[in-house]
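Contents: one structure, followed by commentary.
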Amino acid sequence: MTQVIAHSLDDNHSHSQIVRRVPRYAQVLELGCGDGSMSRLLRERCEAHIIGIDHNPDIVWQAQRYCDYVFTEDLDDPHSLDALEGEKFDVITLVDVLEHLQHPEALLQRLKPLLLDEGQILISIPNIAHSSVRLELLNGRFDYETAGILDATHLKFFTAESVQALLEDADFVVNDIDYTWHDLPDEVITRYLKAAGLEPTPAALAKFHEPDAIAYQFIISSSPLASETARMAERSSQAQHLKPIDASWQTWGRMHSELALAHAELERVYSTRSWQMLRRGATAWRSIQSRFTLE
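Okay, so the sequence shown: first residue is 725 according to this note's numbering, each after it adds one.
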């Protein structure tokens, strides 16, 4: 692939993370283009040639300002991509799309013939295992919202493992996984834990700051497998590739937990009578030393 150009966007945004993975002058199929918000970035920063598809006819026309062509299609329809027969793309983007479909695996299968040999799909997808959802479940709630992870229009929910399984079942290999994040403050987590009748210990709080709990959206680059032989080789390679990610998450979580426990132990020591007496003695000794020095 050609060079990926640098961007000055906020890295903690799905559009930023998608756009910086797109090669300059790429042929892009943008599924779920909406009003063209990301289309504009792709055009301005990557000089991409874009075909946009969205299910909403009321807003898709706005994307015409940045796309070469736009279509209105229901991506669950098996014939939704028929008009693109013979077209080939460097990149196909699915930004917050798969969770809205009844059959996301079927769409993934239909994308493979549309990719060039070194082509990739770029996905952003909400993390149902985010700490906000976990805390709501601890309090017996799973309430849909107008936007966000529990958007009322979401038909499917994914964790890091289940979205990788979805891609694997569709004969795609994961090239890399990143995420946008939203880390809840301890006071919010504490309030939810206490409401659920749970003790907000340092170890408990640390669990809600681990990478798979603060990940808000997963950002995934994935490519199709060419054959059964390639499938076996790539899955083995993928397992090795993802181990460092899993290991880093586990290491991060373990270090965070150990730091929290150490902090709690220090707080316990500081509150003991012996420590208080030692501090008063040290203060008195410094006062005596100061007087002798002055004399």
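All C-beta atoms, glycine included, are put in the ideal place defined by N, C-alpha and C. Everything numeric in this text was worked out from a predicted model, so none of it was measured.
- Taking C-beta separations shorter than 7 angstroms and ignoring five residues to either side along the sequence, the partners of D800 in its chain run L825, Q826 and H827, following chain order.
- Taking a cut-off of 8 angstroms for Cβ pairs, the stretch 915-930 and the stretch 940-947 do not touch, as fewer than three such pairs fall below it.
- With respect to the 7 angstroms criterion, L822 and I849 are classified as neighbours on the basis of their beta carbons.
- Contact between the stretch 745-753 and the stretch 770-777 is present: three or more C-beta pairs spanning the two stretches fall below 8 angstroms.
- Here the alpha carbon of S761 sits roughly 9 angstroms from the alpha carbon of Q786.
- Unbroken beta strand (DSSP E) stretches of 3 residues or longer found wholly inside the stretch 751-777: 751-755, given in chain order.
- A distance below 7 angstroms separates the beta carbons of G776 and E754.
- For Y790, the CB contacts under 7 angstroms within the same chain, skipping 5 residues up- and downstream, are G760, S763, R764, R767 and I774 in chain order.
- Judged by DSSP in its simplified three-state form, T877 adopts coil rather than helix or strand.
- Cβ contact annotation for D867 (same chain, cutoff 8 angstroms, sequence separation greater than five): E860 and L874, in chain order.
- One thing to note: F932 has its Cβ no nearer than 7 angstroms to the Cβ of S856.
- DSSP places L890 outside any beta strand (DSSP E); the residue lies instead in the alpha helix (DSSP H), whose first and last residues are A884 to D893.
- For V794, the CB contacts under 6 angstroms within the same chain, skipping 5 residues up- and downstream, are G776, V784, A787 and Q788 in chain order.
- Annotated as distal: Q833 and V815, with beta-carbon spacing of 7 angstroms or more.
- For P850, the enclosing beta strand (DSSP E) covers residues L839 to P850.
- When C-alpha distances from G758 are compared across P926, D778 and V743, the shortest belongs to D778.
- Scanning D910, L846, A889 and G864 for the CA closest to the CA of Y903 turns up L846.
- The alpha-carbon separation between R744 and E923 amounts to approximately 42 angstroms.
- As for any beta strand (DSSP E) of minimum length 3 sitting wholly inside the stretch 897-943, there is none.
- Shortest Cα-Cα distance from K880 to any of A853, L805 and L862 involves A853.
- V784 carries a helical assignment under DSSP once its states are collapsed to helix, strand and coil.
- Beta-bridge pairing by DSSP links P948 to F896.
- In this structure L840 is exposed. Its beta-carbon is surrounded by fewer than 16 other beta-carbon atoms within 10 angstroms.
- Counting other Cβ atoms within 10 Å of its Cβ, H803 stays below 16 and is therefore classed as exposed.
- E885 has its alpha-carbon roughly 23 angstroms from the corresponding atom of D735.
- Shortest Cα-Cα distance from L818 to any of I938, Q741, L949 and P926 involves Q741.
- Per DSSP, the beta bridge partners of E869 are D875.
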